[in-house]
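I have placed the structure first, in the form of structure tokens, so that the comments after it can refer back to it.
Residue numbers (our numbering): 3 to 925.
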């Protein structure tokens with residue numbers, strides 16, 4: 003029988019055993035996931051009923067040999083901390099948080115030393131000597147305390163290792179390397195006691211301990227080893243896919259008189275390889291969906307199809323991009339908790355409470371962004387019922403506020419209401435046990451709100467359960483070890499545990515589309531393979547040095563470096579291609595950005611080898627002829643009715659007319675639909691808010707002196723009131739916003755300075771120019787009507803003028819601008835030359851004000867000027883509108899000018915009302 007896959011071939015070989023031999027045999031595979039696939043292959047090839055062999059992973063096999071069990075990285079940290087405390091003088095001990103920063107790396111190095119059966123004392127003495135050499139120029143008498151501590155640490159490291167090793171052994175637990183070392187020690191006794199046959203299948207890169215175990219058991223005729231290597235890789239001395247297996251074939255004495263099994267010739271068979279480059283990761287997810295649809299045309303059930311994710315972060319985009327026709331799939335990889343929404347919520351809670359305690363432990367001061375991030379979180383917002391609290395925070399510019407203030411806000415908005423979730427979220431975090439209990443309660447409360455019938459809710463429950471397990475694990479650690487004595491330490495440990503936590507998805511492993519990570523693909527073969535993120539840094543993973551042992555020392559001692567890790571990825575890559583018929587390799591063409599990187603060397607290698615020759619395609623996003631199509635809104639009958647309502651009731655304000663000139667769509671949104679910008683907290687005072695404050699302050703300062711000639715002592719009294727009045731308007735407009743520090747304090751000082759400079763300008767006019775100034779109106783509403791022949795109703799123009807004064811017998815209409823305005827921007831050669839362009843908006847505003855005041859009772863045939871006072875150009879003083887240029891310009895606004903302006907205004911109004919002209923966005 004011809005075997006199509008490695009597991010088929012393994013099954014055929016195993017079934018040549020007798021029933022007794024098969025049922026007692028132990029099959030050791032690289033991972034646990036392959037077990038279910040091997041059992042299925044055995045079942046498909048069996049024609050009789052028999053007991054299945056014992057199928058286990060290499061980790062479980064070694065634990066069984068050593069009679070030790072492995073524990074997770076966090077528990078190892080706590081155990082190591084116990085050892086560290088016992089060996090370190092009390093005054094030199096670090097707290098658990100600091101200890102964990104270096105202990106994690108130390109345990110990883112202990113693990114490597116043991117997995118490769120190195121002599122620990124030799125390694126540690128090597129490292130100590132290197133550290134001493136780094137300080138060769140420092141005399142013993144000239145060393146600092148820091149240097150002394152550093153050297154003492156390296157001197158104590160062998161003692162830490164030995165005590166930690168003994169400590170774990172006594173408890174019957176260990177890290178992977180320790181268990182491997184102990185297994186090797188018991189190898190002879192294990193072999194002597196073993197009567198059943200052992201089969202090692204599908205391995206590639208072995209550590210020194212594994213090599214010793216495989217070799218010894220094979221030599222003792224207790225085990226058979228079945229490799230899965232193609233002749234192309236094995237016979238090419240430079241091909242990294244065969245790097246390790248070539249070494250074993252050459253160096254192991256076992257193969258001097260035994261066949262080397264199995265060498266296959268599948269890579270040279272006919273294959274269709276497509277290399278597809280596309281910008282961004284999301285582009286790859288879209289292409290995966292398209293490729294699956296294509297495969298389904300010939301293989302609807304997708305059982306022989308695998309999507310291998312080079313980057314686990316692509317899992318959710320790929321799932322969302324799958325076509326609806328995919329009715330069965332199995333995800334044989336865990337989803338990282340980094341992007342788990344439940345984990346993000348808990349991280350936000352840690353940030354909120356940690357910062358609240360640091361700001362002020364007594365009042366427990368929250369920052370609005372951290373509070374809103376929690377209240378608006380998708381797992382909180384639907385179930386917390388705190389929308390009114392969010393609105394109050396936004397509208398009143400709360401930036402920092404106490405926990406008590408937040409709870410009072412809730413009570414004011416929701417009197418006589420108990421909100422368990424709200425209270426849990428913002429309860430104080432003091433004792434570690436209480437904090438963990440609170441987090442568990444939050445997760446359980448949210449879970450109780452979720453439905454069992456909704457798919458999104460089911461997914462949310464999976465996310466919640468993953469984090470709930472993590473918090474329970476943390477609780478168990480704390481109860482057992484009692485080492486987490488602060489919120490900071492708890493947060494640090496939580497981050498480490500979350501990095502290990504994964505969301506497990508349920509699925510049927512033997513049917514439908516298979517989605518997996520690179521390591522999960524070991525010993526499995528598929529007909530159709532789609533591999534994503536085939537970029538440098540992803541596939542292969544690239545350099546990562548998280549070790550105290552330098553690269554040169556690793557090379558010297560035979561420890562794996564990034565070069566060996568690249569060779570492991572190379573084997574996995576080529577193994578995926580080995581028996582596949584159709585292969586799609588997807589990579590990100592972007593060279594910049596978070597998930598960018600060069601095209602993988604494996605793709606380049608395939609293109610050079612040309613065995614077989616791949617087809618390359620670049621998919622770029624379809625670029626439209628225009629970068630952006632402006633929004634166009636046709637004028638319906640309802641819109642025309644609304645325009646008529648504005649024209650006859652409230653009237654068109656000068657700012658609304660210039661708003662239309664600036665952008666008709668903005669005019670449509672704000673004036674027709676009444677849509678304004680969402681109200682958010684102004685953490686820093688916005689320019690428009692600053693303008694409102696200055697306008698309000700000037701109005702209050704000048705109101706007592708309306709309709710009387712100003713005197714110098716009036717201005718001097720106003721100067722004494724500046725700070726009080728500015729502060730009053732800051733409080734009024736900025737409400738609870740912080741103005742005593744940072745940018746807001748600067749804005750406060752700017753407002754004071756602007757008002758002071760304005761008063762100095764007034765004082766100078768009174769003293770040096772002997773001006774007679776009488777303020778007639780402040781923030782005065784004015785209006786007028788314009789009759790158009792085509793309308794049976796008048797058009798009302800209405801608005802507020804900042805200030806109207808009489809100065810030396812001439813009416814002066816003043817518009818305050820907090821931005822910068824130049825005098826030349828207010829000049830025209832002729833009123834009829836005025837166009838309705840954005841650069842003329844200030845002139846249109848001023849002429850509107852003059853038109854509205856033209857027939858006012860207080861005009862009394864006096865000459866009128868209109869202009870702007872720019873607070874950012876105060877030295878230029880009053881900037882009048884004028885006809886002409888420079889100082890020769892005529893600044894008096896005559897009735898003839900206003901009649902000419904009416905012509906321009908009527909044309910603008912006709913355009914606004916013209917049903918044939920839609921509102922079109924200006925871009």
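The beta carbon of each residue, even a glycine, is placed where N, CA and C say it ideally should be.
Is DSSP giving residue i helix, strand or coil here?
i           : result
residue 805 : strand
residue 261 : coil
residue 534 : strand
residue 6   : coil
residue 313 : coil
residue 693 : helix
residue 140 : With a pLDDT of 49 at residue 140, under the threshold of 50, the modelled position of this residue cannot be trusted; read the value that follows with caution. DSSP places residue 140 in coil when its eight states are reduced to three.
residue 176 : strand
residue 647 : helix
residue 337 : strand
residue 229 : coil
residue 274 : strand
residue 361 : helix
residue 185 : helix
residue 330 : coil
residue 935 : Outside the displayed span of the chain (3 to 925) sits residue 935, for which this structure offers no information.
residue 905 : helix
residue 248 : helix
residue 129 : helix
For the candidate residues the options, whose alpha-carbon lies nearest to that of residue i?
i           : options               : result
residue 551 : 126, 232, 830 and 367 : 126
residue 544 : 722, 559, 601 and 91  : 601
residue 825 : 807, 802 and 889      : 889
residue 902 : 887, 277, 852 and 864 : 852
residue 502 : 429, 468, 714 and 185 : 468
residue 376 : 361, 814, 159 and 344 : 344
residue 319 : 450, 291 and 335      : 291
residue 2   : 135, 522 and 849      : Residue 2 falls outside the range modelled here, since the chain spans only 3 to 925, and no answer is possible.
residue 356 : 418, 430 and 339      : 430
residue 75  : 495, 665, 248 and 484 : 495
residue 863 : 811, 833 and 837      : 811
residue 843 : 723, 817, 571 and 12  : 817
residue 819 : 189, 182, 871 and 332 : 871
residue 762 : 749, 742 and 715      : 715
residue 33  : 58, 26, 607 and 228   : 58
residue 264 : 548, 201 and 190      : 201
residue 897 : 908, 855 and 875      : 855
residue 399 : 406, 845, 369 and 423 : 369
DSSP beta-bridge partners for residue i?
i           : result
residue 620 : 279
residue 880 : 871
residue 367 : 404
residue 59  : 31
residue 866 : 813 and 895
residue 635 : 921
residue 585 : 275 and 531
With a CB to CB cut of under 8 Å and the five nearest residues on each side skipped, what residues in its chain are close to residue i?
i           : result
residue 1   : Residue 1 lies beyond the residue range present for the chain, which begins at 3 and ends at 925; the question has no answer from this structure.
residue 440 : 426, 429 and 431
residue 792 : 912
residue 857 : 786
Might you give, ordered along the chain, the residues of its own chain that have their beta carbon closer than 7 Å to the beta carbon of residue i, omitting 5 neighbours on each side?
i           : result
residue 186 : 119, 211, 214 and 215
residue 282 : 590 and 592
residue 662 : 669 and 914
What residues in its chain sit with their C-beta under 6 Å from that of residue i, if we drop five residues either side in the sequence?
i           : result
residue 274 : 584
residue 731 : 695, 698 and 699
residue 797 : 649, 788 and 911
residue 752 : none
residue 556 : 563
Is residue i near the ligand NAD, with its Cβ less than 7 Å from a heavy atom?
i           : result
residue 227 : Of the ligands one can find in the structure shown there are none, so the ligand NAD has no counterpart to examine.
Subject >> 4-residue-minimum alpha helix (DSSP H) runs that sit fully inside the stretch 393 to 435, ordered along the chain >> reply: 405 to 415 and 422 to 428
Subject >> Whole runs of the alpha helix (DSSP H) within the stretch 464 to 544, excluding any shorter than 4 residues >> reply: 489 to 502
Subject >> Whole beta strand (DSSP E) elements within the stretch 733 to 797, 3-residue minimum >> reply: 775 to 788
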